[in-house]
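A.B. asks:
Residue numbers (this note's numbering), protein chains in the order written: chain A, 4 to 193; chain B, 4 to 193; chain C, 72 to 315.
1. Taking only three categories from DSSP, how would you classify residue 144 of chain B?
2. Does the region 19–37 of chain B come close enough to the region 89–99 of chain A that 3 or more CB-CB pairs lie under 8 Å?
3. Just the chain B side, please: which residues come within less than 7 Å of residue 181 of chain C by C-beta, in chain order?
4. Excluding the five sequence neighbours on either side, which residues of its own chain have a C-beta within less than 6 Å of the C-beta of residue 59 of chain A, listed in chain order?
5. Among residues of its own chain, excluding the 5 on either side of residue 7 of chain A, which ones have a beta-carbon nearer than 7 Å to its beta-carbon?
6. Is the CB of residue 66 of chain A under 7 Å away from at least one CB in chain B?
7. For residue 247 of chain C, which residues of its own chain have a beta-carbon under 6 Å away from its beta-carbon, when the five flanking residues on both sides are left out?
8. Just checking, does the region 167–176 of chain C make contact with the region 171–187 of chain A on the three C-beta pairs under 8 Å criterion?
9. Have a look at C/180, C/252, C/204 and flag the residue whose alpha-carbon is nearest the alpha-carbon of residue 168 of chain B.
10. Tell me, which residues are paired with residue 65 of chain A by DSSP?
11. Please classify residue 135 of chain B: does DSSP put it in a helix, a strand, or coil?
12. List the residues of chain B whose Cβ lies closer than 9 Å to the Cβ of residue 55 of chain A, in chain order.
13. In angstroms, rounded to a whole number, what distance separates the CA positions of residue 146 of chain A and residue 154 of chain A?
14. Heavy atom of the ligand HEM less than 6 Å from the Cβ of residue 167 of chain C, yes or no?
15. On the DSSP letters alone, give me the boundaries of the beta strand (DSSP E) that residue 308 of chain C sits inside.
16. Would residue 95 of chain C and residue 102 of chain C be called neighbours here (beta carbons separated by less than 7 Å)?
17. Mapping the DSSP letters down to three states, classify residue 159 of chain C as helix, strand or coil.
18. Whose CA, out of B/105, B/125, B/43, lies closest to the CA of residue 143 of chain B?
19. I believe residue 55 of chain A touches residue 70 of chain A by the beta-carbon criterion, under 8 Å. Please report the beta-carbon distance rounded to the nearest angstrom.
20. Straight-line CA distance for residue 201 of chain C to residue 18 of chain B?
21. Is residue 91 of chain C close to chain A, meaning its C-beta is less than 7 Å from at least one C-beta of that chain?
22. Just the chain A side, please: which residues come within less than 8 Å of residue 29 of chain B by C-beta, in chain order?
23. When you compare the CB positions of residue 166 of chain A and residue 232 of chain C, do they come within less than 7 Å of one another, or not?
24. Give a yes or no on whether the minimum CB-CB distance between residue 70 of chain A and chain B is below 7 Å.
25. Under 9 Å between beta-carbons, which chain A residues line up against residue 233 of chain C? List them in chain order, please.
26. Using C-beta distances below 7 Å, list every residue in its chain close to residue 95 of chain A, excluding the 5 sequence neighbours before and after it, in chain order.
27. Could you check the C-alpha separation between residue 100 of chain B and residue 123 of chain B for me, to the nearest Å?
28. Residue 209 of chain C by DSSP, collapsed to three states: which one?
29. Just curious, the alpha helix (DSSP H) that residue 125 of chain A is in, first and last residue?
30. Consult DSSP for residue 85 of chain C and reduce its assignment to one of helix, strand or coil.
31. Could you check which residue in C/273, C/303, C/263 has the C-alpha nearest to that of residue 296 of chain C?
32. Considering residue 278 of chain C, what are the terminal residues of the alpha helix (DSSP H) in which it resides?
33. When the cut-off is 7 Å and only beta carbons count, does residue 225 of chain C lie next to chain A?
34. Going along chain B, which residues have a C-beta under 8 Å from residue 174 of chain C?
35. Hey, could you find the ends of the alpha helix (DSSP H) residue 119 of chain C is sitting in?
36. Out of A/5, A/12, A/160, A/176, point me to the one whose CA is closest to residue 77 of chain B's CA.
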């Protein structure tokens with residue numbers, strides 16, 4: 004590889020996030036056209052099947068990523084089971100997603116009476132829930148994952164326990180979602 | 004590159020710390036001899052002047068590092084020096100720990116002839132040394148960390164030169180031995 | 072500067088430092104009578120006069136003075152067993168000092184070696200980005216069931232609970248209105264301001280709350296400002312220029 008392509012490889016190797024072409028040009032002292040050309044050279048050197056890393060262009064710029072073929076070995080090297088007990092906020096958020104999915108973040112906030120961003124983030128990160136498109140109003144919808152089912156030993160969501168065992172007013176007719184939202188609003192008003 | 008060399012490149016790209024050959028063998032399902040061979044192939048592909056990264060054997064394992072030619076551009080892109088240089092007091096304290104570990108603070112103080120609390124604190128903070136239990140007399144013992152080996156380009160502490168290499172030549176030592184008395188005698192005689 | 076250049080002028084000895092050292096080691100000068108603090112001060116004086124610090128010489132001085140201090144403190148300690156005394160003879164003491172000097176010198180050299188290594192590694196940087204989350208997760212096929220579905224049911228049950236209705240009977244009918252308290256505050260402000268405590272002296276909790284509300288209204292309208300120099304301190308209320 005030419006020196007500029009090598010320098011770009013080093014920069015993308017080190018940068019924790021995708022780097023825009025303009026920033027690569029600034030750092031190397033070359034112009035953007037020269038950088039683009041060298042990126043093409045680097046991309047060709049990392050073409051699928053040639054190297055252990057691949058060059059990717061994402062929204063924020065260019066980045067190096069490990070080649071997909073190495074995924075299985077990478078998991079064996081890096082994966083650690085991370086299943087600490089769920090915090091109350093995580094358990095509540097997960098229960099809402101599991102019983103109501105798909106459900107939006109604002110709905111979760113309304114039911115809990117308090118925002119659940121940190122709990123939601125952790126559950127997303129641990130792969131227990133995932134995004135599932137957007138609601139009519141543009142809010143991101145969340146649902147549980149197959150990993151969630153495995154971690155709870157469930158074959159499907161139909162196996163979730165009937166909440167009536169814990170229901171303070173089991174006789175009530177209204178739909179679960181409806182009742183949870185009403186209870187949440189009542190908590191907020193109190 | 005062969006598939007195993009590519010997979011190893013991906014693993015070393017992803018792993019935050021140097022990976023021992025045994026762990027690479029476990030992750031890839033190959034034996035250590037095959038891994039060593041593929042590492043040699045990867046090392047050749049990353050020989051100086053060929054790529055933006057180089058293969059290094061450090062701290063008991065293998066890791067990828069950026070090629071030194073890219074340092075100037077890396078400094079501009081990442082806007083921070085790699086790791087600040089050590090003050091003489093820090094370097095002396097670190098040398099004593101590296102050669103005598105595990106070693107206690109009072110021992111370091113005795114050798115340096117001056118307390119090393121601030122230098123020790125900085126080295127602990129920078130992750131170059133760590134606590135390693137207590138001595139029989141209750142003093143905290145210190146030792147170097149894998150990070151120290153990694154940043155100083157060492158495979159293990161055995162890579163450090165024998166400290167007697169720095170001892171004065173026998174003639175010089177004999178001269179030193181006599182120095183105190185001789186100097187005095189010369190003055191007494193005059 | 073070298074230690075040979077350090078001239079001392081002490082009560083029991085006057086001359087260069089290394090001569091003193093020699094005489095101490097030969098027991099021609101009694102170490103117990105030498106004020107080592109004076110030696111240190113003399114050294115500092117010389118350093119100050121020179122305005123420069125030779126690290127090598129300074130370290131050597133520290134090693135020697137530390138050794139002398141240790142020797143002196145041993146001499147000063149009462150001996151448990153006079154037979155066993157730990158007096159060092161001159162040669163032994165010289166050997167000990169030499170060993171110390173060599174040891175200190177050795178690690179000074181090792182320190183230089185390490186600093187050189189670190190500088191030589193300057194161009195090699197390592198990746199700091201953590202591996203992507205999906206690779207840090209155990210493959211789905213290997214996931215074990217560790218959580219209890221009942222915990223989810225219990226969480227839903229908790230969320231279905233309505234809060235107990237707030238007992239409202241302890242609230243009497245409002246005895247004061249914001250308008251009343253606004254008038255009260257404005258009257259105080261016309262007299263040149265007041266503290267919040269004065270504005271609510273003798274008032275009940277509801278009145279205090281309504282007064283605070285009225286104060287916020289005044290602030291919003293730009294009629295008054297307040298300041299509180301410390302948390303829980305008194306609040307000083309003052310009219311703004313527009314307010315007057």
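Glycine residues also receive a C-beta, built at the ideal position from the N, C-alpha and C atoms.
None of these values were measured; they are calculated from a predicted model.
C.D. replies: Straight from the coordinates:
1. strand
2. no
3. 98, 102, 166, 169
4. 66, 68
5. 31, 33, 37, 41
6. no
7. 278, 281
8. no
9. C/180
10. A/22, A/60
11. strand
12. 4, 8, 9, 10, 11, 12, 13, 14, 15, 16, 45
13. 15 Å
14. In terms of ligand content, the structure shown is empty, and the ligand HEM therefore cannot be addressed.
15. 307–310
16. yes
17. Here the model assigns residue 159 of chain C a pLDDT of 49, short of 50, so the residue's position is not dependable, and the following value carries that caveat. Three-state DSSP puts residue 159 of chain C in coil, outside helix and strand.
18. B/105
19. 5 Å
20. 8 Å
21. no
22. 79, 80
23. no
24. yes
25. 171, 172, 185, 186, 189, 190, 193
26. 115
27. 10 Å
28. coil
29. 120–128
30. strand
31. C/263
32. 276–291
33. yes
34. 114
35. 107–121
36. A/12
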